[in-house]
Ligand SMILES: [Zn+2]
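Residue numbers (our numbering): -19 to 290.
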């Protein structure tokens, strides 16, 4: 009897350790990636190497396979070697699995910032450990649920802060290899909530495709909205989604919850793990799951670029 109970408990624990996204799991990754030990994750530094190893270990232990021979997609910028980390969750549909949805965020940051009270490490919690962790959590979710008909590439970039160099390298490589890409989402600064009454998140390049409308339809509510400042500041062209749009000619946008009024520490040494809102982050990721599931499982490619009219 005891043995039987023991087995029941093990089975229950296994199922509760499921694919659920938890604040604890988000926080664990955040407290490491944005720790002082990683020295602000500048491309080519010892600190970013530690971040790369952390993401690789996370992929390994959650059964997310390398897309290339290893998880690393390395590139050279003068003296500096950078590397993106790329994992894949194969789709479960014999036909649709040849189509890829690309999710990602940049895991590099600026290293040092302007010293404030003796602190000079720019930890980059919101920018962009938050987006990196969102992509990692979605990877873990789908690797466990195996609920995706299309294949999903999880792509974490280096050298964003040096001018989108990592994502540009990867987008070109995928194009050269003839990847059949459907859509791309770049998660950028999702660590703090917007004011009540605003859409939870917004999408850059909102009117370049029907992406936001389709995602919201899958989600059953408005998760991503239009943010006028994103258009005014041309955010579409300023983050890692842009090279994917350019190279692969697919709907490729950034989703963010940073709106210039809700976070005072952009590229500041106080962009730290304790400034993040973990309830918000989990809630955002939970709302994105049905949106992503709708997209990776739709029978046809419902997300499309709009015809250019200018
Ligand atoms: Zn960023």
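For glycine and all other residues, C-beta sits at the position ideal for the given N, C-alpha and C. In this text, all values refer to a predicted model and were calculated from it rather than measured experimentally.
For this session: Could you pull the start and end residues of the alpha helix (DSSP H) that residue 288 belongs to?
Result: As a working note, residue 288 is residue 308 in the chain shown. Residue 288 -> no alpha helix (DSSP H), and no H or E assigned at all.
Problem set entry | Rounded straight-line distance, which links the Cα of residue 255 to that of residue 195 | Working through the chain shown from its first residue, we reach residue 195 at position 215. Working through the chain shown from its first residue, we reach residue 255 at position 275. Taking the straight line from one Cα to the other gives about 28 Å.
Exercise. Between residue 290 and residue 126, what straight-line distance do the alpha-carbon atoms span, to the nearest angstrom?
Worked result: Counted from its first residue, the chain shown places residue 290 at position 310. Counted from its first residue, the chain shown places residue 126 at position 146. With a pLDDT of 49 at residue 290, under the threshold of 50, the predicted position of this residue should be treated as unreliable, though the coordinate-derived value follows. Cα to Cα, the separation comes out at about 41 Å.
Exercise. Is residue 140 near ligand 1, in the sense that its beta carbon is under 7 Å from a heavy atom of that ligand?
Worked result: Translated into positions along the chain shown, residue 140 becomes position 160. Yes.
For this session: Using a threshold of 8 Å, state whether the C-beta atoms of residue 264 and residue 170 are closer than that.
Result: Position 284 of the chain shown, counting from 1, holds the residue named residue 264. Position 190 of the chain shown, counting from 1, holds the residue named residue 170. In this structure, residue 170 lies closer than 8 Å to residue 264 by Cβ.
For this session: Could you check which residue in 60, 8, 43, 40 has the C-alpha nearest to that of residue 28?
Result: As a working mapping, residue 28 is identified with position 48 in the chain shown. Comparing Cα-Cα distances from residue 28 to each of 60, 8, 43, 40, the minimum goes to 60.
Problem set entry | Sufficient close CB pairs (3 or more, under 8 Å) joining the stretch 6 to 16 to the stretch 110 to 122 | yes
Problem set entry | residue 149: CB within 7 Å of a non-hydrogen atom of ligand 1 | Here residue 149 refers to the residue found at position 169 of the chain shown. Not under cutoff, so the answer is no.
For this session: Name, in chain order, the residues that DSSP records as bridge partners for residue 182.
Result: As a position in the chain shown, residue 182 is number 202, starting the count at 1. 205, 236.
Exercise. Residue 226 lies in the beta strand (DSSP E); which residues open and close that run?
Worked result: In the chain shown, the residue the question calls residue 226 occupies position 246. Segment 221 to 228 is the alpha helix (DSSP H) holding residue 226; no beta strand (DSSP E) there.
Exercise. For residue 90, which three-state DSSP category applies?
Worked result: Here residue 90 is taken as the residue at index 110 of the chain shown, counted from 1. Residue 90: coil per DSSP, three-state reduction.
Exercise. Cβ of residue 3 within 7 Å of any heavy atom in ligand 1?
Worked result: By one-based count along the chain shown, residue 3 stands at place 23. The answer is no for residue 3.
Exercise. With respect to 7 Å, is the separation between the Cβ of residue 169 and the closest non-hydrogen atom of ligand 1 below this value?
Worked result: If you number the chain shown from 1, residue 169 lands on position 189. Because some heavy atom of ligand 1 lies under 7 Å away, the Cβ of residue 169 counts as near it: yes.
Exercise. Just how far apart, CA to CA, sit residue 233 and residue 99?
Worked result: Residue mapping note: residue 233 aligns to position 253 of the chain shown, counting from 1. Residue mapping note: residue 99 aligns to position 119 of the chain shown, counting from 1. Each residue's Cα considered, the two are about 34 Å apart.
Exercise. Taking C-alpha atoms, which residue in 252, 259, 266, 285 lies nearest to residue 297?
Worked result: The shown model of the chain, from -19 to 290, leaves out residue 297, and the question about it has no answer.
For this session: Reducing DSSP to helix, strand and coil, say where residue 22 ends up.
Result: Counted from its first residue, the chain shown places residue 22 at position 42. If DSSP states are grouped into helix, strand and coil, residue 22 belongs with coil.
For this session: Can you say whether residue 54 is buried or exposed, counting buried as having 16 or more other CB atoms within 10 angstroms of its CB?
Result: Looking up residue 54 in the chain shown gives position 74. Classification for residue 54: exposed.
Exercise. Taking just the CA atoms, how far does residue 168 sit from residue 159?
Worked result: Within the chain shown, the letter at position 179 stands for residue 159. Within the chain shown, the letter at position 188 stands for residue 168. One C-alpha to the other measures close to 24 Å.
Exercise. Between the stretch 195 to 212 and the stretch 243 to 251, do three or more beta carbon pairs fall short of 8 Å?
Worked result: no
Problem set entry | Secondary structure of residue 194, DSSP reduced to three states | Working through the chain shown from its first residue, we reach residue 194 at position 214. If DSSP states are grouped into helix, strand and coil, residue 194 belongs with the helices.
For this session: With distances taken Cα to Cα, identify the nearest neighbour of residue 188 among 81, 225, 106, 138.
Result: Numbered from 1 along the chain shown, position 208 holds the residue referred to as residue 188. Answer by Cα proximity: 225.
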